[in-house]
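Enquirer:
Protein chains in written order, with the working numbering: chain A, 1 to 273; chain B, 1 to 292.
(1) Within its chain, find whatever has a CB closer than 6 Å to the CB of residue 17/B; leave out the 5 residues flanking it on each side and keep chain order.
(2) Indicate the three-state DSSP secondary structure (helix, strand or coil) for residue 42/A in the structure shown.
(3) Can you give me the C-alpha to C-alpha distance between residue 188/B and residue 202/B, rounded to a whole angstrom?
(4) Under 7 Å between beta-carbons, which chain B residues line up against residue 267/A? List them in chain order, please.
(5) Label residue 168/A either buried or exposed according to how many other C-beta atoms from any shown protein chain fall within 10 Å of its C-beta, with 16 as the threshold for buried.
(6) Along the segment 202 to 218 of chain B, where does the CB come closer than 9 Å to a CB of chain A? Name the residues.
(7) Could you please tell me which residues of the segment 114 to 140 of chain B, in chain order, have their CB closer than 9 Å to any CB of chain A?
(8) Suppose only complete runs of 3+ residues qualify. What are the beta strand (DSSP E) ranges in the segment 176 to 258 of chain B, listed by chain order?
(9) Taking the C-alpha atoms as reference points, what is the distance between residue 135/B and residue 221/B?
(10) Any chance the segment 79 to 91 of chain B sits against the segment 185 to 204 of chain A, with 3 or more Cβ pairs inside 8 Å?
(11) Find out if the Cβ-Cβ distance for the pair residue 243/A, residue 59/A is shorter than 8 Å.
(12) Among 246/B, 215/B, 26/B, 226/B, which has the Cα closest to the Cα of residue 112/A?
(13) Which same chain residues, not among the five before or five after residue 125/A, have their C-beta less than 8 Å away from its C-beta?
(14) Checking contacts by CB at 8 Å: is residue 90/B closer than that to chain A?
(15) For residue 50/B, which residues does DSSP report across the bridge?
(16) Figure out for me which residue from 25/A, 55/A, 255/A has the closest Cα to the Cα of residue 238/A.
(17) Looking at the structure shown, is residue 259/A part of a helix, part of a strand, or coil, going by DSSP?
(18) Quick one: does residue 157/A have its CB under 8 Å from some CB of chain B?
(19) Using the Cα positions of residue 196/B and residue 207/B, report the straight-line distance between them to the nearest angstrom.
(20) I'd like the list of long-range same chain contacts for residue 72/A, defined as Cβ closer than 7 Å, with 5 residues on each side in sequence excluded.
(21) Considering Cα atoms alone, identify which of 157/B, 84/B, 137/B, 276/B is closest to residue 211/B.
(22) Are the Cβ atoms of residue 34/A and residue 43/A separated by less than 8 Å?
(23) Measure from the C-beta of residue 248/A to each C-beta in chain B and report whether the shortest distance is under 8 Å.
(24) Within 10 Å of its beta-carbon, does residue 43/B have 16 or more other beta-carbons around it, so buried, or fewer, so exposed?
(25) What residue range does the alpha helix (DSSP H) around residue 178/A cover?
(26) Does any residue of chain A bring its CB to less than 8 Å from the CB of residue 100/B?
(27) Can you grab the Cα-Cα spacing for the pair residue 161/B / residue 122/A, in whole Å?
(28) Counting only beta-carbon atoms, is residue 233/B nearer than 8 Å to chain A?
(29) Tell me, to the nearest whole angstrom, how far the beta carbon of residue 215/B is from that of residue 286/B; I am working on the premise that it is less than 8 Å.
(30) Using a Cβ-Cβ cut-off of less than 8 Å, list which residues of the segment 235 to 268 of chain B approach chain A; keep chain order.
(31) Would you mind telling me which residues of chain A sit closer than 8 Å to residue 227/B, beta carbon to beta carbon, in chain order?
(32) First and last residue of the alpha helix (DSSP H) that includes residue 191/A?
(33) On a Cα-Cα basis, can you pick out the residue from 22/B, 80/B, 29/B that is closest to residue 218/B?
(34) Please identify the residue among 265/B, 73/B, 262/B whose C-alpha is closest to the C-alpha of residue 224/B.
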C-alpha cells in the first residue's frame, strides 16, 4: 500500500474531483459556441463542430442582454461603493471609537445575524413601495447600503490598529475624519478589498430580492433576466449557455484575480463570535 | 473613560440603514403575520384587519404548506450531510502531504461557489435533460436506462440536491481545510507512536479536533439549505407535482404572486423559528459531541 500507490490514489482522486467540478463550466462555454440546435443531440457533443458567436449576437440584438448587463454592472458597483463607505466607517467606530451603548448595539447586531433576510422581505417591499422605490434601481440599492456582516468583518480587522497611533494623531490636532481618511483607511485596505469583492459578487449573484422588487423587464439584472429567458427558451440550449457565460464569467474573473482577498474574508467571516 | 463625540457620525449611517431596512421590517413582519394583509389592503389600508394567529392556523391546514415543508426538510436532511461529506473529503485530499498542485485544485474545487446560481442552474438543467443530457449519457454507459430527472416527482429533488452539493461544497471545504491545518502535528506523532492506524488517527485525532469547526459548518449549512429558493425556481418551477416547492418558494408565491402578504409573513416567520430551533438544538448537544 505504501510507497507508490498512495500518491497516485490521492492525486488521482483530486484530479477526478477537480474535473467533475469544472466540467459543467467548461461545457457551458463549449455549448455557447455551438450552432443553434447542435447541442440537442444524442450523444451530447462536447465541442462545437463549427464554432460561432451567433448565440451571443442573438442575445445582444434580440434578447436585449446588453441592457441587463449594464443594469447588473451599475447596481453591483453602486451597492459596493455606498455600502463600503458605511460599513467601513461603522466597523472602525465599533472597534476603535468609544461611544455610549457601543457594546450593547454591537451584541444586538450580532444576534440579528441569525435572522434570515427573507423574514424582512414582505414588509421591506411595502416600505419601499411607500417610499416609491419599488421597481427602480433604488429598490435594490437602498436596503443594501449597509450590512451587519460587513461591519463585523471590518471591526474584527480594525481591532488590530494600535490605539497609540490614533492618540498620537489626536495630540497632533488631527480631526477624527482626517484620522479616518489618512491613517485608518490605508491600514484597512486588505479588508476593504475583501469586503468589496464579497459585496460585488453577492450583489451580482443575488436573485430573490431583485426578482421581487424589479418588475419592469428593462430594470432586470442578469440573473433575473436569465431566469425569465430560460423559461421562454427551454429548448434553446446554446442560447441559454451563452447567457450563462455572460452572467457568470465576470464574477469568475473577479474571483480569480482577487482570490487571495476573497479566501481571507471567508476565514474571518466564518470564525465569528 | 473618554467618549469620542464624533463617533456617532461614523456609525449613524450604517445603523440607520440597518434599523430602517432590516430590523424594522423584521418586527413589522411579525405584526403583519397577525393581519389579513392582502391585495385589497394593498390598495387601501382601511381593508386591513387584525386576525391573531389565524394565518398560522390556516397554514397548518394547507396541504401545500406541509408539502413545501416536507420538501425543504428532505433537501436539508439529505443535502447537508452529502454537502459536508463532499467538503470534508475534498479538504482531506487537499490537506494530504502527498497532494500536488494544491492551489490549482483548491481554486478549481471552489469555483462553483462564486458562480451565479441562476446561470449554473441553467447549465445543470441541460445536464439533467432526459433525452440528450450528459448525466443520462454517462449512466447509459453504465447500462442504466434514461431517467426523467426534472420531470419525475421522485427524482426532481435528488437532482436539485446533486446540483446544490456541486455548487456549495467548496465553501465548507475551505473552512474545514483551515481547521485541518490548525491541528498540531504532534498529536498525529503521538498517535503513531502508540501504533494507531490511519483510520484510528482520523477517528480519534482528526474528527475530535475538527468538532468545533464541524459544528459551525453544519449550523451555517443547515440554515442556508433551509432557504432553498432559486434552484427550484429556475430548474423545476416547483414541479413536477409540487415535489420541489420549498418553504421560500411557497412564501414567494403566496406573497408576490397572490399578494397574500399577511400569510406570506407568517410563512417567513415559521421558517425563521424552525431554523432558530435547529440551531439552538445543535448548540446544546455540541459539548457532548466534542467530547467523543
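Beta carbons are placed, not taken as given, at the ideal position from N, Cα and C, and that holds for glycine. No experiment lies behind these values; they were computed from the predicted model shown.
Expert: So, to answer that:
(1) none
(2) coil
(3) 9 Å
(4) 178
(5) exposed
(6) 213, 216, 217
(7) 114, 115, 116, 117, 118, 119, 120, 121, 122, 123, 124, 125, 126, 127, 129, 131, 132, 133, 134, 136, 137, 140
(8) none
(9) 26 Å
(10) no
(11) yes
(12) 26/B
(13) 134, 212, 213
(14) yes
(15) 35/B
(16) 55/A
(17) helix
(18) no
(19) 14 Å
(20) 204, 221, 222
(21) 84/B
(22) no
(23) yes
(24) exposed
(25) 176 to 179
(26) yes
(27) 27 Å
(28) yes
(29) 5 Å
(30) 237, 248, 251, 252, 255, 256, 261, 264, 265, 268
(31) 116, 118
(32) 185 to 205
(33) 80/B
(34) 73/B
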